[in-house]
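Numbering (UniProt numbering), first residue to last: 1 to 194.
All C-beta atoms, glycine included, are put in the ideal place defined by N, C-alpha and C.
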Amino acid sequence: MRRPYALRSVASRSGARLRACLQAWKAATAATAPAGAPASGGGARPIAAALGLIRGQGGSASVEIALLAWPTMIALVGILQFVVAQYTQLLLGNALYDSAATPEAELLLGASSTYKATLCRKIRIVPSDTCRAQIIVEMMRLTDAPSVATSITGSTFDAGSANDALLLRAALPTLRVLPVIPAMTAQASVVFRR
Numbered sequence: 001m002r003r004p005y006a007l008r009s010v011a012s013r014s015g016a017r018l019r020a021c022l023q024a025w026k027a028a029t030a031a032t033a034p035a036g037a038p039a040s041g042g043g044a045r046p047i048a049a050a051l052g053l054i055r056g057q058g059g060s061a062s063v064e065i066a067l068l069a070w071p072t073m074i075a076l077v078g079i080l081q082f083v084v085a086q087y088t089q090l091l092l093g094n095a096l097y098d099s100a101a102t103p104e105a106e107l108l109l110g111a112s113s114t115y116k117a118t119l120c121r122k123i124r125i126v127p128s129d130t131c132r133a134q135i136i137v138e139m140m141r142l143t144d145a146p147s148v149a150t151s152i153t154g155s156t157f158d159a160g161s162a163n164d165a166l167l168l169r170a171a172l173p174t175l176r177v178l179p180v181i182p183a184m185t186a187q188a189s190v191v192f193r194r
């Protein structure tokens, strides 16, 4: 009874393949070497071809790109969404600090809607109409402020009187491109004396 597989050892099979690869490599380097060049040259492509590493790969790059393109694009858009959220947070905080340093007339008069327009002109990354519709601003005397963290509702806009310490808070939802990433809101607050 004959066995279905030859009983040659792994070493003899790999040795025969190695000899065949070396002979193919010598033939490939001799064919590609310029006249007068040493016989050991030839570059990486003939070596890879001799070792059987280069096979028919037509279309394999397009498959890899198709598999990797969408996750890469989603990751890049997600990163961009976080960058926009952080930049909106930075602009909102800077706008409130500017208002605290040199209070605008509408802030001192307690006119919430006109102050929102002034504040939105300072936040350039969000379109002005969208900003005015979505921004929530509230101002109150520091003595009237809650002692625990509360959400910004926009229900209070009290300008106080002279020499009052005032708390000015604002919140603005940021741009949301990917529904996978939760909605983010830029929030800032500042305390200043009128």
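- Residue burial is scored here from C-beta neighbours: residue 27 has fewer than 16 other C-beta atoms within 10 angstroms and is therefore classed as exposed.
- Taking every protein chain shown into account, the CB of residue 170 has 16 or more other CB atoms within 10 angstroms, so this residue is buried.
- Distance from the Cα of residue 131 is smallest, within the candidate group 111, 120 and 86, for 120.
- Residue 178: not part of any alpha helix (DSSP H); DSSP gives it neither H nor E.
- Residue 132 carries a helical assignment under DSSP once its states are collapsed to helix, strand and coil.
- In chain order, 173 and 176 place their CB closer than 7 angstroms to the CB of residue 183, counting only its own chain and leaving out the 5 sequence neighbours on each side.
- With a beta-carbon spacing of about 7 angstroms, residue 189 and residue 168 fall inside the 8 angstroms limit used to define contacts.
- Secondary structure remark: continuous beta strand (DSSP E) runs of at least 3 residues inside the stretch 69 to 117: none found.
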